[in-house]
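Sequence lines, in order, name chains P and U. Read in order, the letters of the first sequence are residues 230 to 422 in our numbering. Read in order, the letters of the second sequence are residues 230 to 422 in our numbering. The C-beta atom is built at its ideal place from N, Cα and C for all residues, glycine as well.
Number of protein chains: 2
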Amino acid sequence: MIEQHFLNNIFKVNDFSKKELEMIIPKFKQVTFSQNDYLLNEGKTENHYWFIESGFVRSYVVDTKGNDITTNFYTAGDIVIDWISFFLRNPTRENIQALTDCVCWQLDFETFQQLFHSIQSFREQGRTTLVNSYFSLKKQSVSMIADQAKERYIRLVKEKPHIVQNISLKYIATYLGITDTSLSRIRKEISGK
Amino acid sequence: MIEQHFLNNIFKVNDFSKKELEMIIPKFKQVTFSQNDYLLNEGKTENHYWFIESGFVRSYVVDTKGNDITTNFYTAGDIVIDWISFFLRNPTRENIQALTDCVCWQLDFETFQQLFHSIQSFREQGRTTLVNSYFSLKKQSVSMIADQAKERYIRLVKEKPHIVQNISLKYIATYLGITDTSLSRIRKEISGK
DNA sequence: AATAAAACTTGTCATAGGGCAAGAAAACTA
DNA sequence: TAGTTTTCTTGCCCTATGACAAGTTTTATT
């Protein structure tokens, strides 16, 4: 196989030796999901994570009033993982749902552990990935306090245009912490400028 | 020294061998901060983290309008760290400030790396600590969307009563994403019940 | 104790965004 | 191509919270 495996975009030759790549890449298994399939359901303990080769995914939690709140969107190149459930080995509160058909590459916890403890660059990359997720969450969280809904939407359009273009308004609204009604009005206001 | 070092509460004999503890604990250095000292300032790259033996600390960011937003409170037993700056080696956006005099135990990045890559249980614990921080942030973030300010305040009182009792209203308000005026009204309403 | 500076409360009024319900438009389905 | 369902828009009215400004209380300073 000449180096054109999708995972070579994730595990780069600059960061890993050839030998390490040979230990890592074959451990991933390709899986596909159809639109509306669940990758993970509330109450289950996550035993895998995935890199998305193609498609769109969202994660959400259901609040005490029964509304669902989108916690994240994922698309090609992203890691889909519930860090909390995966590492703390707890039943999750999240639901992870394919919004379109998806092609993913899956790794299970045990294999992850084995690679994590044996390959230094694998654990450095893993840590960096987790910290990057922390960073996005923090940004989103501060923005929720500091910015008005319209500003949050504008930022999302700028930072993740493909999300805004491909995902239905109601999910984007709950991600921004507003109702679909409000988001519709915000859109109108923006386009009217 | 008979095992009554403060850090023995953090690194427990159940999780580490005696030899490992001897490699870890002496690497920490005791430092003290006076009220209003800064542990970290915006723009600097974090090169340390601390465990708090006593005192109260908060972290905050300044938003585009110049208001500050408290991102977290820390107290005895907690780790004080800017995960993002520490691991990504970036200048931080956060300010970390002692709200009272504090006694802390400090470790620097280089020593951390050395321990992280050489002691398996140290990295397991480090990862767990990071994921726990992620978990609190996520909870706070979802609550910001799902709950009203009053519910968020009630939850804080329940989960971290010592914070509510020891820290001034204005900081708690920005942590909850509201103004000090609103928090004052919420308090009144609650006590009037 | 006297003064100053913070911290907190309260009043009045303004506004972002929610709740609900009815349409309109678009996307499936048969 | 008609029928159904889902998605999105719009109108009307309401509520939680903000903005600002004036007290009051508490804490620190001399």
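query	result
Does DSSP classify E339 of chain U as helix, strand or coil?	helix
Out of curiosity, what's the CA-to-CA distance linking G406 of chain P and I374 of chain U?	5 Å
How big is the Cα-Cα spacing for I231 of chain P and N237 of chain P?	Below a pLDDT of 50, predicted positions are generally treated as unreliable, and I231 of chain P, at 49, falls in that range; the measurement from the model is reported next regardless. The straight-line gap from Cα to Cα measures roughly 11 Å.
Using beta carbons (cut-off 8 Å, strictly below), is D293 of chain P in contact with chain U?	At residue 293 of chain P the sequence reads Thr, which differs from the Asp that was named. So yes, T293 of chain P belongs to the interface.
Counting only beta-carbon atoms, is S370 of chain U nearer than 8 Å to chain P?	yes
Taking V242 of chain P as part of the beta strand (DSSP E), name the residues at either end of that continuous run.	Element bounds for V242 of chain P: n/a, residue is neither H nor E.
Which residue or residues does DSSP assign as beta-bridge partners of L269 of chain U?	U:I325
In angstroms, rounded to a whole number, what distance separates the CA positions of L268 of chain U and L328 of chain U?	11 Å
Any beta-carbon of chain P closer than 8 Å to the one on G406 of chain U?	yes
In the DSSP assignment, what are the bridge partners of T261 of chain P?	P:V332
Using 8 Å as the limit for Cβ to Cβ distance, is I325 of chain U near chain P?	no
Based on the DSSP secondary-structure assignment, which residues constitute the bridge partners of T274 of chain P?	P:P320
Touching or not, the segment 306-316 of chain U and the segment 264-280 of chain U, by the rule of three or more beta carbon pairs under 8 Å?	yes
Using 10 angstroms around the beta-carbon of K241 of chain P, count the other beta-carbons present and answer buried if the total reaches 16, otherwise exposed.	exposed
Applying the 10 Å Cβ sphere with the 16-neighbour rule, what's the burial state of Q369 of chain P?	buried
Could you say which of U:S283, U:R384, U:S288 and U:D330 lies nearest to T321 of chain U if we only look at CA atoms?	U:S288
Mind pulling the chain U residues with CB within less than 8 Å of I298 of chain P?	V371, I374 and A375
When the Cα atoms are used, what is the spatial distance from F285 of chain P to L398 of chain U?	42 Å
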